[in-house]
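First the structure, in the form of structure tokens, and then the observations on it.
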Amino acid sequence: MSTWESLLLGLSFALQPQILIYCVLGVLLGSFVGVLPGIGAMAAISLLLPLTFYMSPEAALIMLAGVYYGAQYGGAVASILLRLPGTPQSAVTTLDGYPLTQQGRAGLALFTAMISSFTGAMIGIVVLVVLAGWLSALATRFGAADYAMMMIFGLVAASTIGATRPVKGFAMIALGVLLGCIGTDVNSGAQRFTFGQAELLDGLNLVALAMGLFGVAEVIANIRNPERQKTAARISMRSLLPTRDDLRRIPLPILRGGALGSFFGALPGTGSTLSAFLAYATERRLSRQPERFGKGAIEGVAGPEAGNNAASITAFTPTLTLGIPGDPIMALMLGALIIHGIQPGPMMLEARPEMFWGLVASFAIGNLLLILLNLPLIGIWIAMLRIPFNYLYPAIIVFLCLGVYSVRGLTFDIVLVAGIGLAGYLMTLAKLSPALLLLGFVLGPLIETNLRRALLVARGDPMVFLERPISAGFVFAIVVLLLFPLWRLWRRKA
Amino acid sequence: MKQSTTLRLVLASALCSLALPASAQDDWPSQPLRVFVGFPAGSSPDVLARVVTEKLSERLGQPVVIENRPGAGGVIGIQQMLVSAGDGHTFGTTINGPMTTSQRMMDDTGFDVAEDIAPVTLLATSPLVLAVASDSGIEDLEGFIAAAGAEPDALSYGSVGQGSGAHLTAELFAAEAGLSMLHIPFTSYAEVTTSIIGGEIDAGFMAPSAALSFVEAGTMNVLGITSSEPFGQAPDVPLIAGSAGLPEDFRAELWNAFIAPADTDEAIIARLNTEITDILEDPGVQEQMLGMGWQVAPGTPESMAERIAVDTEMWGAVIDRVEAQ
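Protein sequences appear in the order of chains A and B. Mapping to this note's numbering: the first sequence position 237 is 315, numbers consecutive. Mapping to this note's numbering: the second sequence position 221 is 201, numbers consecutive.
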């Protein structure tokens, strides 16, 4: 069967009314929970799981997938308007999205985020259809050494994002890596910095960390600063329309972000986070005026949003072609198939082509629905900013606690978010970047685990990092990245 | 933490003894049941619990609500069950880890298996299969033992973490076969599978259902299974017990069980045991579980207590050996 025939099969499957309705339901719910701070796709999919017992497996998968990528659209809304990212990748969107809101250009930022998300997802779909086989081979070809070097490359490339001075950026990454050490060490099984608390055995709750550092900190800062409370009133609907200058700035970042996201998304684990940070770092490095970034540069919204939405599509490759889930949410979706007696695995694509191609077709349909739904909603989201702050902020705090609680159902995490929020406020005062802390927190433990695993597998031989071609490529890229500023400095002096 | 848990427990049970007369079990269940599961929704233990509790709810005429409290290999789920205990309507399901080995692996689990938990019944057991990549050229258990025995740590194997079932099973196997293998811990079976297929590590003990799909695709060979009898889902896979010089009584199984807080009324436990063992006799339920890689294993609370004791000792000896290395 040619790709075209397969796609047509998928489209005719996904457009059946009894399937289409679940796709609509999924993306609606996804974009709704995405907007609520902290309540992410994971919580929504867990709630929907019992319902899927009574649906066909294909419909179940299409609905749950809709929640997954739909949440990416919603996530941008809270990040841009209120500086409330629920995930590290939407933390990147706050960097320039929130300053745009403060300048009264929230409409533009949201419009750009939606268009970038849509285009990014479409790029992801094309890549998935054309390169599915190649991408799934990529997942098994990446070993521990390759992951370790790729993530170190990501850290180095993104190390100065959002930081006023490089040394502050490095300090935040280091702090993030340290916080990431909390919990059970994968390699030795040792319990680090858990103080006998079982709640800490799996590490700090990522959502609590993100909500505390951004959301709670921002609420405190706004209460302390009456000037900041006024920004909301100055927004007009006209600010939604991009100027000619904006239009010129958006397309290339979207394409670059989409390409980066498509590649990294296919790697299980951190694809989505890495692609958002790398897309941002790329735009800043390529820009003629890098100083605009962090102060409301529209490219800083377009690139990462295209990146993480492309990644959310190609992330399905290892899941669908090998039956190997790339992250916990994907594992949950496969769980929904197992309930129906379908064993996910490398034969799934051959055994049930209508499921794979139906899902791919539903990605396109779902994203089309999402953009049609979200563009008119922008006006309503902006109107939300006119809610007086003495109503808005308590509501934010309530939703945020609900979101944090929804992850594991532990009150411990709510106390944690309050404590982290205070620390986050102090960081705001010191102009320290919480986005970099999150990046260090997510990548640090993965770098450690993979570095040590690579050395274990190689029986202690460090040359493994240079012998494997993928790893060696990243080592080379890291060296170039580190030497580049020195070279520029030297040339300027000469 | 332990103190405050105990305090809350005491307060909760005091409140409930005020609210409920002693003869409450006559009209039990008088309210919805809560069943704590220490794993996320959609995970294998969660799906298993849902299959059972759906039928249980029909039989008891009360809703049964699954409460997912994932974390610390299932320990958090049991802790949370104990915190909410005392109303006669709070229960849990657990895998073997927190009942047998977690006390050894963790500084403080916050509960004592014998004192705080009342067994209701085993639900199901699952063996593991020893899997290698098909391009390794290893076709059977003899071949594997020959390759692994060439020198210490000649072969590496992946597990889902220090002290996990996959780790301890591999160490038990290595000890019985007189081998020393290099342990590479991962965090999920997904990673272990990728690593075996990618040729980074040599082997791993995996769930039969997960491994068999790769055998079908021609990328993995399955060399043996750890159950004491042929397993319904993988009848063609040879038993490790009794082959390639391994002892006849070799058995390493994961299990899943229904538990109650220790202060639960005995009449309630007896009623639950009857209902659940009945549910497990249903051929439809058996087939559904087998599809997910679980063989039903209904029994009495006493036989479950015995299984806990036997397994705690067996895995304890394996942990001793690992720690001595």
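Cβ atoms here follow ideal geometry from the backbone N, Cα and C, with glycine treated the same way. These figures come from a predicted structure and were not determined experimentally.
By the C-beta criterion, the region 408 to 415 of chain A is judged not to be in contact with the region 216 to 230 of chain A, since fewer than 3 inter-stretch pairs fall below 8 Å. Counting other Cβ atoms within 10 Å of its Cβ, A:Y469 stays below 16 and is therefore classed as exposed. For B:R39, no Cβ of chain A is located within less than 9 Å of the residue's own Cβ. A:A149 sits away from A:Y100, with the two beta carbons spaced by 9 Å or more. Excluding five sequence positions before and after A:F355, the CB atoms of its chain that fall closer than 7 Å to its own CB belong to V170, G232, A236, I239 and L517, given in chain order. With respect to the 9 Å criterion, A:G108 and A:Y132 are not classified as neighbours on the basis of their beta carbons. Proximity of chain B to A:T218 at the Cβ level (cut-off 7 Å) is accounted for by T174, I177 and G178, in chain order. Listed by position along chain B, the residues whose Cβ is nearer than 7 Å to that of A:R531 are I164. DSSP, read as helix, strand or coil, puts B:G212 in coil. Contact of B:L148 with chain A is not assigned, every C-beta pair being separated by 9 Å or more.
In the DSSP assignment, A:Y358 falls within the alpha helix (DSSP H) that extends over G349 to L364.
With contacts defined by Cβ atoms closer than 9 Å, A:A414 and A:L103 do not form a contacting pair. Ranked by Cα distance from B:T74, the options B:Q59, B:Q275 and B:S193 are led by B:Q59. Between B:L13 and B:E255, the CB-CB gap reaches or exceeds 9 Å. A:I475 carries a helical assignment under DSSP once its states are collapsed to helix, strand and coil. With fewer than 16 other Cβ atoms from the protein chains shown falling within 10 Å of its own Cβ, A:S90 counts as exposed. CA-to-CA, the gap between A:A357 and A:G339 works out to about 8 Å. Residues of the region 14 to 28 of chain B with a C-beta less than 8 Å from any C-beta of chain A: P20, A21, G22, S23, S24, D26 and V27, listed in chain order. For the options A:V105, A:D224 and A:V207, the alpha carbon positioned closest to that of A:M541 is the one of A:D224. Note on geometry: alpha-carbon atoms of B:P278 and B:P99 lie some 12 Å from one another.
Of all residues in the region 470 to 495 of chain A, the ones placed with a Cβ closer than 8 Å to any Cβ belonging to chain B are R486, G487 and L488, in chain order.
Cβ-Cβ separation between A:I251 and A:L510: approximately 11 Å, too far for a contact (criterion under 8 Å). Around the beta carbon of B:W8, a 10 Å sphere encloses 16 or more other beta carbons of the protein chains shown; the residue is thus reported as buried. The three-state reading of DSSP puts B:N48 in strand, counting E and B together. For B:E246, not one C-beta of chain A is nearer than 9 Å to its own C-beta. Leaving aside the five residues that flank A:G152 on each side, the residues in its chain whose CB is nearer than 6 Å to its CB run, in chain order, S109, G112 and V113.
Of the candidates B:M284, B:E261 and B:A285, B:E261 places its Cα closest to the Cα of B:Q275. One Cα belongs to B:D300, the other to A:G499, and the distance between them is close to 43 Å. Closest by C-alpha distance to B:L162, out of B:L219, B:Q305, B:S189 and B:T174, is B:Q305. Annotation for A:G116: G164, V285, M289, L478, G481 and V482 place their beta carbon closer than 6 Å to its own, counting only its chain and skipping 5 residues before and after.
If only uninterrupted beta strand (DSSP E) runs of at least 3 residues are considered, none is enclosed by the region 407 to 484 of chain A.
The residues Y483, in chain order, have a CB closer than 8 Å to that of A:T489 in the same chain once the five nearest residues on each side in sequence are set aside. Taking the beta carbon of A:D324 as reference, no residue of chain B falls within 8 Å; the closest one sits roughly 42 Å away. Contact of B:P43 with chain A is not assigned, every C-beta pair being separated by 9 Å or more.
Membership of A:V264 in any beta strand (DSSP E) is not indicated, and neither H nor E is assigned to it by DSSP. In this structure, DSSP gives B:G77 a helical state, which the three-state scheme calls helix.
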